[in-house]
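Here is the structure we will look at.
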Amino acid sequence: MNPAANPANNPANNPASNPADTGTALEVTFDGRHYHFRQHSYDRLDDALRYASAQHATPGFVRDPAFRPQWMPEFTPDEAQQRLMRELDIGFAAGRFSFGAYRYDRLEDAVAFARRARPGSARDSGTRPPDR
Numbered sequence: 633m634n635p636a637a638n639p640a641n642n643p644a645n646n647p648a649s650n651p652a653d654t655g656t657a658l659e660v661t662f663d664g665r666h667y668h669f670r671q672h673s674y675d676r677l678d679d680a681l682r683y684a685s686a687q688h689a690t691p692g693f694v695r696d697p698a699f700r701p702q703w704m705p706e707f708t709p710d711e712a713q714q715r716l717m718r719e720l721d722i723g724f725a726a727g728r729f730s731f732g733a734y735r736y737d738r739l740e741d742a743v744a745f746a747r748r749a750r751p752g753s754a755r756d757s758g759t760r761p762p763d764r
């Protein structure tokens, strides 16, 4: 029987444990912004652990022999990025950049839209991000 099938043995059920240790036990990694379990990516640790735990509890589950633990420090903008963000009124919370009502994974995207939305810019629409 898979040890994770027993709730007492499941690392996801131990809230006092270290997230990196819990993630490693369930083959979850963190790249500084997102949590990953195999081909799936998550914004929230509890979602990644819940799915990984369910997969580990499935009869016949086979651990990934290629799994390598990775738990990077949480991403924070550096000083130069923070200066640029202040200048353009770009926020950062929960791993996402924001400008107005819009959220961005990449600072470059938030900067591009913030610059276009500035009064007097060539594209002074300020209504929505450009289509991709």
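Residue numbers are given in our numbering: position 25 of the sequence shown equals residue 657, and the series is strictly consecutive. Every residue, glycine too, gets a C-beta built ideally from N, C-alpha and C.
Exercise for review: Could you check the C-alpha separation between Phe724 and Arg718 for me, to the nearest Å?
Suggested key: 10 Å
Exercise for review: Go ahead and pull the three-state DSSP assignment for His666.
Suggested key: coil
Practice item. Identify every residue that forms a DSSP beta bridge with Tyr736. Key: Phe729
**Study point:** Proximity winner among Arg728, Gly727, Leu716 and Ala733, relative to Arg747 (alpha-carbon distances)
**Key:** Leu716
Exercise for review: Apply the 10 Å Cβ neighbour rule to Ala684 and answer buried if 16 or more other Cβ atoms are within range, or exposed otherwise.
Suggested key: buried
Exercise for review: Could you pull out every residue in the same chain whose Cβ sits closer than 6 Å to the Cβ of Gly758, ignoring the five residues on either side in sequence?
Suggested key: Interpretation of Gly758 is limited by its pLDDT of 48, a score under 50 that renders its predicted location unreliable; the figure taken from the coordinates is listed afterwards. These residues qualify, in order along the chain: Ala749.
Practice item. Have a look at Glu706, Asp710 and Phe693 and flag the residue whose alpha-carbon is nearest the alpha-carbon of Ala726. Key: Glu706
Review point. So what's Phe745 in DSSP terms, helix, strand or just coil?
Key: helix
**Study point:** Cβ shell of Val743 (< 8 Å), same chain only, five flanking positions each side left out
**Key:** Leu716, Leu720 and Ile722
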